[in-house]
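S.K.:
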Amino acid sequence: MLPALFTFRVFKYILVVTNLITLLSGLLLIGGGITGLAVQDDRTGVATQSIFGGLIGIGFLACIISTLGIVAAVKEHIKSLKIFFGLLCAIFLIQVIIGSVALSRASDVERAVEQFKCCGFKNITELAVPTDCSTDANFGFQRPCMMVMKQQVFSHLDAIGS
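Its first residue numbered 1, the sequence shown is counted upward by one per residue in full-length UniProt numbering.
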């Protein structure tokens, strides 16, 4: 059987390496969000900016939490490790809630497709719901949803005077 000190050190190094990978992932998310904001053009809307801002925010949060985990593991500070574990549990719970909400709203996408009589997002093959739109020209709708949704948004903006 391995001595307890050896097992503790292995666990400590695994925790540090895992947090380093998470830190690098957070930095990549921040870089991707900043790049996305920098290269966007006039065709991108508020939703796209929100996605890039979300990437930056999530990357920043991942960097902070992983830095806390690295410091807590290296210094072997029990209180910081408990805070780190609590944050990880909270993030896991939030992910489960968001996943449940997204799953419960899957029918909303199909309802929007039927209401707007469209298929796919930018074209009929991209993110097509249902997927049959892109395989059979006789099935489904032949115009992308992004175009229809933009028309709807702009017509409503005209109605309120924006």
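Positions of the beta carbon are idealized from the N, C-alpha and C atoms, including for glycine.
Owing to the predicted nature of the structure, the values given are computational and were not obtained by experimental measurement.
Kindly indicate which three-state DSSP category Q49 falls into: helix, strand or coil?
M.R.: Of the three classes helix, strand and coil, the one that applies to Q49 here is helix, per DSSP.
S.K.: What is the rounded straight-line gap between the Cα of T7 and the Cα of I97?
M.R.: In a straight line, the C-alpha of T7 is about 34 Å away from that of I97.
S.K.: Going by DSSP in three states, F60 sits in which element: helix, strand or coil?
M.R.: Helix at F60.
S.K.: Is the distance from the Cβ of V71 to the Cβ of S80 below 8 Å?
M.R.: Going by C-beta atoms, V71 is nearer than 8 Å to S80.
S.K.: What is the rounded straight-line gap between the Cα of M146 and the Cα of R9?
M.R.: Looking at the two C-alpha atoms, the distance is approximately 53 Å.
S.K.: Between I51 and I34, what straight-line distance do the alpha-carbon atoms span, to the nearest angstrom?
M.R.: Roughly 11 Å between the two C-alpha positions.
S.K.: In three-state DSSP terms, what is Q142?
M.R.: Coil, per DSSP.
S.K.: Whose CA, out of T67, N123, A106, lies closest to the CA of S25?
M.R.: Selected option, being the one with the closest Cα: T67.
S.K.: Enumerate in chain order the residues of its own chain whose CB-to-CB distance from Q152 is below 8 Å, with the five nearest sequence positions on each side excluded.
M.R.: Taken in chain order, the residues that qualify are F116.
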